[in-house]
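Chains as they are written, first to last, in our numbering: chain A, 5 to 311; chain B, 5 to 311; chain C, 5 to 311; chain D, 5 to 311. Glycine residues also receive a C-beta, built at the ideal position from the N, C-alpha and C atoms. Owing to the predicted nature of the structure, the values given are computational and were not obtained by experimental measurement.
Below, the structure is given as structure tokens:
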């Protein structure tokens, strides 16, 4: 298993053309921009990367384009998100074939189950691959929380290499950091909550997976660097700025959930000249001109667009 | 669009061999037993049919075996359950190719969204196929409830042909029955809650989709026939018996959710000589001997097994 | 313990004057109207009776006025709803002093707990009083479900006399009816869901506690009588009418929850000449003229107001 | 309105005698211990202070004993927690009479409502008193989240003086800190999550309300002092220790919720010689010897008890 991933690892937002094909040029532009900013890894096919909106062919296309563009400069993690074990194992095999450096899997979902099924799920995935497996804790999507003791046990046994925590449960994350250290479980612990990265770093997180890092990768890298040198005042001030920037997610008052959040990232990236369109996958509508106006205002207020 | 489906339409439980291959012989035996009992339709690849545990190849295998075995004697509905629109459309195309008579789709899930996305989702699915589309309302799995007005509107416009209601919300179902009639929306309204079918029929449901109907198809058919002739006392007494039989779902005290419910259907079908094994798909464990003993007790108490 | 309560037992809606005093005349008019219609009991200080909006003095005032007006013609149940045991016991003592025939208590709420605390709660209440205790199962308010086995055990031991089920879980209610019979637990099982009373009666419920019964007590009594004589067609048709009438709860599009539901009952009762105002307790706003217009339309459509 | 409260403000745990009377001596001992440690305020009748388990007489007894013992050395905040407005106003009046320096109120609960009712609730409370009103955001108990914009608006208008955030939603808290500053709303923002206080301070919280601060007030004061001088490494290390100490909340494996958390604080305080018993209010059971043994182990491991 490769060395643990540390630092800023944005979940790559997927640009589409107007007719909903993969916009490979925009993708390459965005990846290059994040690499230039100094990100430490890239997470393709995450929730923000519209993995669950994609056919298998589209998943392959996105991952393959990402791996080729990144060309080994940083590790590429691949989301293998699906409902239950057999499909996740299929995606894992494809990810390995296409050159991913690690895979990221959630707890099983849709069918109801308990911790026994969660554990068996991760064990079966890990047994099927040579790649490091990251557990993606995202109860808002899968409606199940990965327990601290389960994660630490799977880490100590080498089943999983790390955790992407998007649980919104900072109390549990705090315990996870400490238990990981106590048990020497070796988990790379990454937070997925882009507006509270400062607290996660202070608590001992190994990195972050900020969706907003597609829009402002340099900000998140500055914040990481400040944390590395112990300048917590700077870490927190950068967070304040990024938290204000995150208000783009409320720009489209007609949208909810994915259409509001990832929709606003796409709108911002279009306004910044990185993406060509802000098209969204079916059944989600692209943001309109009113939302785009608000996004521009926020980008301007935070110094990312000329006034 | 074909005529609306009425009556008892069991969601077909999928038998596996010990090494988790499709057990085609057991499947055919079970289908034949349900057809003999007089069921009015069969729903392949439903939640109970382990659709979300299946690869695409396995989905094809199950549906194709079912369609061939049924051979047109009753309509076969096919579950096309997946996270978002594009994948559901892929499954819908396969279902049509393999000879299904209708498809059954849930609201989109995993990614967060609102009613706008639900509506667009069903419209896109319907636009992609000639087959009738049934909306599957199952918030316990997708964590979203399909609204009465949305369903009635989609019905009136011919987007959907019916609803399989597994919402557990009998208040909403009651309103749906009345609104469907008032708006002449033409929806076939089927309840998925096997222990309260009597109330649903009295309220005006067009049929039921009882998982327990795999175990006791004759009971559900008797109940339907009693309802058709207005013998409500018999409808309710049959329900009492079926509700007691449903206690097999609590037989495995070590299991939760799918492993407890569908697991017990498989155990019962094995004890009844219909299935060869009670094997479950990964990551779910098959029920053990202790659970099987309890299942036999319940089957015996309800007169389905000799003492 | 007095004989079990059977039949229609409306939860009494509390009329207020414009300055939010108890409108005793309207209350007496409403009680008399329900008694004239033939209701079999009355439930004062229920959720619809604004018990949680009332000071202790107001609780006493409402219960005392109700007991005096009813004057023994039917049993009066008194809600003793509060957060934890000691306060519920205080309310129980007051209810006994003021002449209630039974008390109705929910599971403890606000502080988190488990089944152990629920059981001890009901045992402590019962130990404190000679009055029969009814368990009020209302997870939408207390965020906890009373388990079937707990209720049956408490019934068999004589701790509780019955259950008012407002759980919205018809599957669980169905099991409760059967288990109560099997264990001879003697619980009076009343449903609180006014739009699915037909199914509950068919399943074997001993009665109903319909908030809408304040508006149309005669309808619910007709329905009960039809059920007693086994005329299920009539039971269901009456339910259809009552379910349409229940749409008054959606008349105020600016309101949610209590303000929408009980607010519309008050508006309807004012339009019917029973209440003098539709005033609501703080912090809830009374419904406005637009909502009242819609309520009148619905009352007219269902034949309760002249066109 | 008095100056805003800053620093460490433990919610005072209430000691009981074996027969569930207020143990005034233990209470005074505990208050004195917290004052000696340098806490900046004390919050009586909070959730941890068993406010919802208390009769009105008991509430008065607790608050009055606390105010007298504290004797003006630090501000005393009083919980006025109850279901709806009228009762909260009654408690507020009593709190003022008994000498509290501020009151703390949650959103209304039990009856369903929306933001309109929440806003009116806080306005009515504030209009009824001269005391500063703190909003207590605790969705785990009241099942409603106070919105950032509502809080900031009520702060800017002087309706509320601060917020005790026990929402578990660090993303929302981060936005609240920034919006409070941007709008100059003047809210004192206190976090109630004892294991993530470090992140909250770094984000700009004005203080903390740690239940665990009853057990280790000196630790929380040291942490606050470190934050004041910008020594974030020390803030975080102290948090690590306190987070490990918080494991006492899992010591009683037979308990859940309040009985597990506050139960363990009482057990720890007894083991530390501060409380005489670890008795709990009905319907909650006191922790047994097995739990006490685990609590002692944890206290010993963290250096609070001699080995």
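Neighbourhood of residue i by C-beta, 7 Å cutoff - its chain only, sequence neighbours within 5 removed
i: residue 3 of chain A; result: There is no way to answer for residue 3 of chain A, as the model of chain A reaches only from 5 to 311.
i: residue 184 of chain B; result: 156, 159, 191, 193
i: residue 37 of chain A; result: 221, 278
i: residue 223 of chain A; result: 242, 245, 246
i: residue 127 of chain A; result: 163
i: residue 87 of chain B; result: 112, 113, 114
i: residue 55 of chain A; result: 49, 63, 83, 85
i: residue 151 of chain A; result: 119
CB contact below 9 Å: residue i versus chain C
i: residue 30 of chain D; result: no
i: residue 207 of chain B; result: yes
i: residue 94 of chain D; result: yes
i: residue 14 of chain B; result: no
Collapsed DSSP secondary structure at residue i in the structure displayed
i: residue 108 of chain D; result: strand
i: residue 211 of chain B; result: strand
i: residue 221 of chain C; result: helix
i: residue 296 of chain B; result: helix
i: residue 205 of chain A; result: helix
i: residue 1 of chain C; result: Past the edges of chain C, shown from 5 to 311, lies residue 1 of chain C, and the structure says nothing about it.
i: residue 269 of chain A; result: helix
i: residue 139 of chain B; result: strand
i: residue 57 of chain C; result: helix
i: residue 128 of chain D; result: helix
i: residue 47 of chain C; result: strand
i: residue 167 of chain A; result: strand
i: residue 288 of chain C; result: coil
i: residue 146 of chain D; result: helix
i: residue 195 of chain B; result: strand
i: residue 67 of chain B; result: helix
i: residue 181 of chain D; result: helix
Cutoff 6 Å; reference residue i; Cβ partners in own chain excluding five residues on either side
i: residue 218 of chain A; result: 14, 17, 269
i: residue 208 of chain C; result: 181
i: residue 58 of chain A; result: none
i: residue 170 of chain D; result: 142, 196
C-beta neighbour in chain A for residue i, strict 9 Å
i: residue 260 of chain B; result: yes
Chain-ordered neighbours of residue i on chain D, where CB pairs are closer than 9 Å
i: residue 116 of chain C; result: 144, 145, 260, 261, 262, 263, 264, 265
i: residue 98 of chain C; result: Residues of chain D passing the Cβ test: none, with the nearest at roughly 12 Å.
Short CB-CB distance (under 9 Å) between residue i and chain D
i: residue 190 of chain A; result: no
i: residue 343 of chain C; result: No statement about residue 343 of chain C is possible, as the shown extent of chain C runs from 5 to 311 and does not include it.
i: residue 121 of chain C; result: yes
7 Å Cβ cut-off: residues of chain D touching residue i
i: residue 56 of chain C; result: 87, 88, 114, 115
Sequence-distant residues of its chain with Cβ nearer than 8 Å to residue i (five each side left out)
i: residue 34 of chain D; result: 16, 17, 19, 218, 273, 278, 279
i: residue 129 of chain B; result: 84, 89, 92, 93, 96, 107, 109, 137
i: residue 240 of chain A; result: 202
i: residue 21 of chain A; result: 27, 280, 281, 283
Proximal residues of chain D, C-beta to C-beta of residue i below 8 Å
i: residue 60 of chain A; result: Neighbours of residue 60 of chain A on chain D: none; closest Cβ ~33 Å, over 8 Å.
Chain C contact residues for residue i, given Cβ-Cβ distances below 9 Å
i: residue 125 of chain D; result: 286, 287
Residues that residue i contacts on chain C, provided the C-beta gap is smaller than 7 Å
i: residue 236 of chain B; result: 206, 236
Contact set between residue i and chain B, taken where Cβ atoms lie within less than 8 Å
i: residue 173 of chain C; result: 172
i: residue 128 of chain A; result: 286, 287
Residues that residue i contacts on chain B, provided the C-beta gap is smaller than 9 Å
i: residue 91 of chain A; result: 56, 57, 58, 59, 60
i: residue 68 of chain A; result: Those within 9 Å of residue 68 of chain A in chain B number zero; the least Cβ separation is about 18 Å.
Cutoff 9 Å: residue i Cβ touching any chain B Cβ
i: residue 268 of chain A; result: no
I want to know whether the segment 102-111 of chain D touches the segment 71-85 of chain D - three or more CB-CB distances under 8 Å.
Cβ pair count under 8 Å is three or more, so yes.
If you pair each beta-carbon of the segment 256-269 of chain C with each one of the segment 175-184 of chain C, do three or more pairs fall below 8 Å?
no
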